[in-house]
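Take a look at the structure below.
In full-length UniProt numbering, the protein residues as written are 1 to 265.
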C-alpha cells in the first residue's frame, strides 16, 4: 500500500502546508482520498507531484471539521463527480470554544460540484478488506476535548464526534489504521480495529498535542499492548507526542510531511 501526503501541518521543502490533513491511499487496484485539508493545499501539492486526482475511486471524510472537510470543494473542481463517504452528522455546525469549525462550503455546494454523499452509520466494508469504522465505542478513558461542541436544534452541546470515521485496510491479516484526528481516542480506535485484524501500522493524526507528559505516558503505555510496528503520524499529534512515541515504543516512527510518499505492509 502506498500513501502520499497531500496536506499536513508541515511539508517538505517546495510543498505547501496548512493546518489539516489529506492522504492519497493506493491499495491494490483502488485509490482513496482520505480527508481534504482546509483549502486548496492538497490540490496544489497533487499537481506539483503530477498526480491525476480524477483517478480517485472514493473520497473519505474522517469528520466534519474544516481542516478535514474544508478542501472538498476545491478537490471536486478538479476530480469531477466522486462518491464521498462521511459519518452521519458531518455537516452539523461544529465549534471549538466559540470559533466556528465547519467548512465554508456546505453539502449542497459540494453536491453541485459532483459529490455523491454516502453517510455511514455503522461499520462498512467498502471493498474487500477495506473497512470504514464509525464512532468507535469509548472503552478507555479517552474522550474528545470539552472545548468542542455542536449546534443541535439551536442549542450547543458537547461534540462527541459521532460522525468520526476511521479507515482500516487489511492485507494478509495485517491491518493499517488511517485516522484524521482520533477525537474518540486512538486506544478506542485500535480496540475496535482489533475486532477485524491485528493492527500493525497507524497513519494520521492522533490528537495528542494538548496532553501533558503524564497523560501521554498513560496513553502510550496503553498503545504498547497493540505491538504496533510503524507509526506515520502528524497533523494534530504534536511534536512532543511524536517524540515520546518514538522514545517509548519499539515501533518505527516517522513524522508526516506534505509531499512525502511512503509504503506500509
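Positions of the beta carbon are idealized from the N, C-alpha and C atoms, including for glycine.
Quick caveat: nothing in here was measured; it's all calculated off a predicted structure.
Using a Cβ distance threshold of 7 Å, residue 85 and residue 47 do not count as a contacting pair. Here residue 72 carries a helix assignment [DSSP, helix/strand/coil].
Excluding its 5 nearest sequence neighbours in each direction, residue 35 has C-beta neighbours in its own chain below 7 Å: 21, 22, 23, 61, 62, 68 and 180, listed in chain order. Just measuring C-alpha positions, the residue of 106, 110, 100 and 91 sitting nearest residue 78 is 110. If you look at residue 246, you'll find it in the alpha helix (DSSP H) that goes 239–248.
Beta-carbon to beta-carbon, residue 45 and residue 259 are separated by about 6 Å, close enough to satisfy the 8 Å threshold. In this structure, the CA atom of residue 156 is about 5 Å from the CA atom of residue 150. Proximity to residue 89 across 197, 166 and 162 peaks at 162, based on C-alpha coordinates.
The C-beta of residue 120 has 16 or more other C-beta atoms within 10 Å across all chains shown, which makes the residue buried. Residue 189 and residue 166 have their C-alpha atoms some 8 Å from each other. For residue 187, the enclosing alpha helix (DSSP H) covers residues 186–193.
Within 10 angstroms of the beta-carbon of residue 4 lie 16 or more other beta-carbons, which makes it buried. Nearest C-alpha to residue 146 among 108, 98, 131 and 114: 98. Across the structure, residue 185 and residue 199 are spaced so that their CA atoms are roughly 15 Å apart. As the crow flies, the alpha-carbon of residue 246 is around 20 Å from that of residue 261. Boundaries of the beta strand (DSSP E) around residue 156: 155–158.
Closest in C-alpha terms to residue 123, from the list 187, 195, 228 and 116, comes 195. DSSP places residue 108 in the uninterrupted alpha helix (DSSP H) bounded by 107–112. Here residue 214 is exposed. Its C-beta has fewer than 16 other C-beta atoms within 10 Å. Judged by DSSP in its simplified three-state form, residue 77 adopts helix.
From the listed residues 223, 224 and 176, the smallest Cα separation to residue 202 is found for 176.
In this structure, the CA atom of residue 174 is about 13 Å from the CA atom of residue 131.
With a cutoff of 7 Å on beta-carbon distance, residue 187 and residue 142 are scored as near each other. Per DSSP, residue 222 has no beta bridge partner at all. With a 10 Å radius around the Cβ and a threshold of 16 neighbouring Cβ atoms, residue 252 comes out exposed.
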